[in-house]
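Residue numbers (the numbering used here): 5 to 258.
Note that beta-carbon positions come from the ideal geometry of N, C-alpha and C, so glycine has one too.
As the structure is a computational prediction, the values presented were derived from the model and not from experiment.
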């Protein structure tokens with residue numbers, strides 16, 4: 005399969021080379037097109053008011069644009085015959101309403117869907133085992149090839165740091181996953197500066213992605229459809245069937 009690989013972390017992402025090696029070893033042809041610098045939390049930003057540029061650096065392409073621009077350039081110019089767009093692996097989970105719609109990783113997969121291609125995004129919680137991430141990624145690629153349904157735009161998969169053995173496809177997104185506040189400080193010159201940050205919430209509604217991920221400790225597969233978020237149960241079941249690793253015995257979901 006010909007796969008476009010992108011991310012929102014740029015060419016220096018620690019996972020990028022490992023993913024290329026993994027997919028290539030499975031017989032896939034991989035075309036890498038990424039932003040030239042860190043673009044986390046860029047959401048669906050796109051470039052309209054200045055020229056887009058793309059250049060080849062070694063065996064990958066980099067662009068001055070955003071993740072969605074990288075996919076647009078890939079599918080319109082560099083690899084229009086691609087069969088799948090894979091965005092990630094993002095280091096840091098993308099769970100909840102804000103992260104799902106603010107993530108550059110997920111936006112890249114959505115851009116693929118808008119252009120009529122299959123788009124999948126993979127994110128991992130800090131501390132997730134690479135063997136599990138790689139197995140889930142491989143399973144997702146195969147599942148997307150076989151189980152894509154009408155009206156499905158993109159699929160977002162999150163891999164937890166401790167996996168209970170469950171693979172869930174939630175039907176809704178949690179609001180307020182993090183209790184953000186505005187933190188005031190001063191720079192060395194005495195000028196005021198602000199950071200927005202806050203801890204993760206302690207409880208989540210049971211039908212949400214956050215409950216499945218943080219409480220059940222499940223791998224989550226969330227569909228983004230033309231009518232909003234949707235369950236992709238068949239893809240979730242196929243991922244679970246294809247996973248090559250056992251669950252963590254010390255990580256029981258509740």
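Three-state class that DSSP yields for residue i in the structure shown
i, result
"residue 188", "strand"
"residue 200", "strand"
"residue 193", "coil"
"residue 138", "helix"
"residue 133", "coil"
Beta-carbon spacing of residue i, residue j below 9 Å
i, j, result
"residue 240", "residue 171", "yes"
"residue 15", "residue 66", "yes"
"residue 226", "residue 126", "no"
"residue 123", "residue 77", "no"
"residue 114", "residue 72", "yes"
"residue 324", "residue 163", "The structure shown does not extend to residue 324, since the chain spans only 5 to 258, so no value can be given for it."
"residue 182", "residue 216", "no"
"residue 10", "residue 91", "yes"
"residue 50", "residue 68", "no"
"residue 173", "residue 75", "no"
"residue 105", "residue 48", "yes"
"residue 86", "residue 8", "yes"
"residue 119", "residue 60", "no"
"residue 165", "residue 131", "yes"
Identity of the residue in the options nearest residue i by Cα
i, options, result
"residue 100", "161, 122, 185 and 237", "161"
"residue 167", "47, 104, 248 and 6", "248"
"residue 154", "243, 238 and 54", "238"
"residue 6", "120, 214 and 31", "31"
"residue 250", "10, 106, 192 and 222", "222"
"residue 27", "84, 74, 12 and 139", "139"
"residue 55", "70, 63, 48 and 43", "70"
"residue 214", "137, 103, 193 and 169", "103"
"residue 245", "195, 203, 45 and 141", "141"
"residue 63", "46, 82, 52 and 189", "82"
"residue 203", "192, 186 and 191", "186"
"residue 229", "52, 152 and 46", "152"
"residue 44", "149, 53 and 13", "13"
"residue 220", "252, 137, 231 and 53", "252"
"residue 149", "254, 242 and 42", "242"
"residue 169", "254, 42 and 231", "254"
Task: Those runs of the beta strand (DSSP E) which lie wholly inside the stretch 86–131 and span at least 3 residues - done: 88–95 and 123–128
TODO: Taking 8 Å as the threshold, find out whether the stretch 140–154 comes into contact with the stretch 102–117 through three or more Cβ pairs.
DONE: no
TODO: List in chain order: all unbroken beta strand (DSSP E) runs of 3+ residues lying wholly within the stretch 5–93.
DONE: 6–10, 33–39, 58–61 and 64–67
Task: Cβ pair count under 8 Å reaching 3, the stretch 36–45 against the stretch 10–26 - done: yes
Task: Completely contained beta strand (DSSP E) runs for the stretch 142–184, where each covers 3 or more residues - done: 156–163
Task: the stretch 208–219 / the stretch 173–186 touching (three or more Cβ pairs under 8 Å) - done: yes
Task: Contiguous beta strand (DSSP E) assignments of at least 3 residues, all confined to the stretch 196–242 - done: 196–201, 223–229 and 232–235
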